[in-house]
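In this note's numbering, the protein residues as written are 3 to 553.
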């Protein structure tokens, strides 16, 4: 759809309310009752919290079914998400250097079978999150940040004796490998919540995880449908964030976008209480906007071209590529339609609104590109750019042709290299010795901190570690490494502004990536759905905790 998020100035800071009390304050106009129908092209094959690491499944589980140590809630006054406690009494207490975090588990939190949640259950749930074999789609951050995460493989492979988690009564202490001030953000993941050892078989638990949230699973056909009904054991007096107005949720998965839009915009009696987790089709955007049936926002993602920093060593050449990029034409093909110049996307905590080029973001200027190449000592057609495309993907071929025209009009010589399939493309793209000097890609944050954005992309260790391919530009500058390491150990309330400043420094002094755009979110909903906003923490999700059906 057309762009629908501002790239305006100012610095957004994610609010943290460690003292938020339960129950959650009522939503203005919120009423109990009704059934919400949900249509989506998404096809979840497992609902195991330990196997959840997506912008769709995380908020669905956290919003409706499972609970974690902390949670995100929508604040209507700030019009943004706020981090608050969940089953913990606060967002955690660190030691002096952030190598330990302690959480006290609140009393009265129960599973759907009536048994009370214990700190030992939370410890067991977190131990499961280390298992990359049983839960290949789960988040890898316990392995990355928690003590001995590189060797401990969870309770099924390594046993339950793990020194990185200590339980003392209802208090849980997590030990880190290195300072980790961002733990309260990670603590909101479904994987960082209670799972009792009984009945937690990885082969079956994903079909029916025990609910601690306001809804439990009534029926689930993996990849096809999901029905949620009220969990009578959920006590709102223990929950600072959730409301649970509807009686029931009925999800239908693997639905085409055409059918989703036709159903919701048709607004039949059933469709009036229907919503989607998917973006509206571009052809339906105008109608949906006029009918006021859209939930709008932006993804916590940035799309980029990554010149190989080892090969394209002149900043003037990298900046010439930015002047040459066909922003508007590419957006019509790919949908990346929000222009900008910063690495951090719109609305991200600490983001600064700036441009280091002498043109407005999103403007193509082939004349200026040729001037930059001339300043760098290259004649028209002399500097070669080599990149990949997918031969069996019409969209990839269309973009390839567009890039060739735009780059050559700006004075570059191009050599596109064909790969037969997307799988082959991905395999060549991650090869550091591939015969290319330009990679296309992007990044989405895992939580609302620059620590989840800049270090993976621009710390040199991110491409020196053979098991990861995050630093897609193969960028390495000791001064940036040092600054990343310094900021990442600061308290959370001091980090945001400094990540924003580092973003500007990286682009001003080195220009290692061309910002090709940001994506907007435009999800459709029926005329009787209310209390719905965008969960900007995850991006492609509504604020499940606040939704209600108007009478």
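Where a beta carbon is used, it is the ideal one built from N, C-alpha and C, also for glycine.
Three or more beta-carbon pairs separated by less than 8 Å link the stretch 531-547 to the stretch 76-83, which places the two stretches in contact.
For the pair residue 193 and residue 157, the CB atoms are not nearer than the 7 Å cut-off.
One Cα belongs to residue 305, the other to residue 151, and the distance between them is close to 30 Å.
Between residue 523 and residue 301, the C-beta gap is smaller than 7 Å, which places the two residues in contact. Annotation for residue 409: 326, 387, 416 place their beta carbon closer than 7 Å to its own, counting only its chain and skipping 5 residues before and after. DSSP links residue 231 through a beta bridge to 218, 250. For the 7 Å CB-CB criterion, residue 133 and residue 102 do not form a contact. Here the C-alpha atom of residue 70 lies approximately 22 Å from the C-alpha atom of residue 495. DSSP places residue 268 in no beta strand (DSSP E) but in the uninterrupted alpha helix (DSSP H) bounded by 259-268. CA-to-CA, the gap between residue 427 and residue 392 works out to about 6 Å. The beta-bridge partner set that DSSP reports for residue 307 consists of 442, 516. DSSP places residue 415 within a strand segment (E or B) once states are collapsed to three.
In the three-state reduction of the DSSP assignment, residue 186 falls in the helix class.
Within the same chain, Cβ atoms closer than 6 Å to the Cβ of residue 552 are found at 530, 532, the five residues on either side in sequence being excluded. By the neighbour-count definition (other C-beta atoms within 10 Å, threshold 16), residue 292 is an exposed residue. Look at residue 111 here: in three-state DSSP terms it is coil, with no helix or strand label.
Secondary structure of residue 453 (DSSP, three-state): helix. Remark: C-beta atoms of residue 318 and residue 377 approach each other more closely than 7 Å.
Rounded to whole angstroms, the Cβ separation of residue 213 and residue 114 is 4 Å, and the two are in contact under 8 Å. In terms of Cβ geometry, residue 475 and residue 329 do not form a close pair [threshold 7 Å]. Going by DSSP, residue 277 is part of the beta strand (DSSP E) stretching over 276-281.
The three-state secondary structure of residue 299, taken from DSSP, is strand. Listed in chain order, the non-local C-beta contacts of residue 356 below 7 Å within the same chain comprise 343, 344, 506, local neighbours out to five positions each way being set aside. Going by DSSP, residue 155 is part of no beta strand (DSSP E) at all; its letter is neither H nor E.
Check the Cα spacing between residue 136 and each of 180, 89, 53, 148: the tightest is with 53. Rounded to whole angstroms, residue 126 and residue 169 show a C-alpha spacing of 11 Å. Look at the beta carbons and you see the stretch 217-235 not touching the stretch 508-521: under three pairs across the two are nearer than 8 Å. Taking a C-beta distance under 7 Å as the contact criterion, residue 48 and residue 208 qualify as a contact pair. Assigned with DSSP and collapsed to three states, residue 167 falls in strand.
Of the candidates 64, 360, 473, the residue whose Cα lies closest to the Cα of residue 455 is 473.
Residue 541 has no beta-bridge partner at all, per DSSP. By the C-beta criterion, the stretch 253-269 is judged not to be in contact with the stretch 478-487, since fewer than 3 inter-stretch pairs fall below 8 Å. DSSP, read as helix, strand or coil, puts residue 48 in coil.
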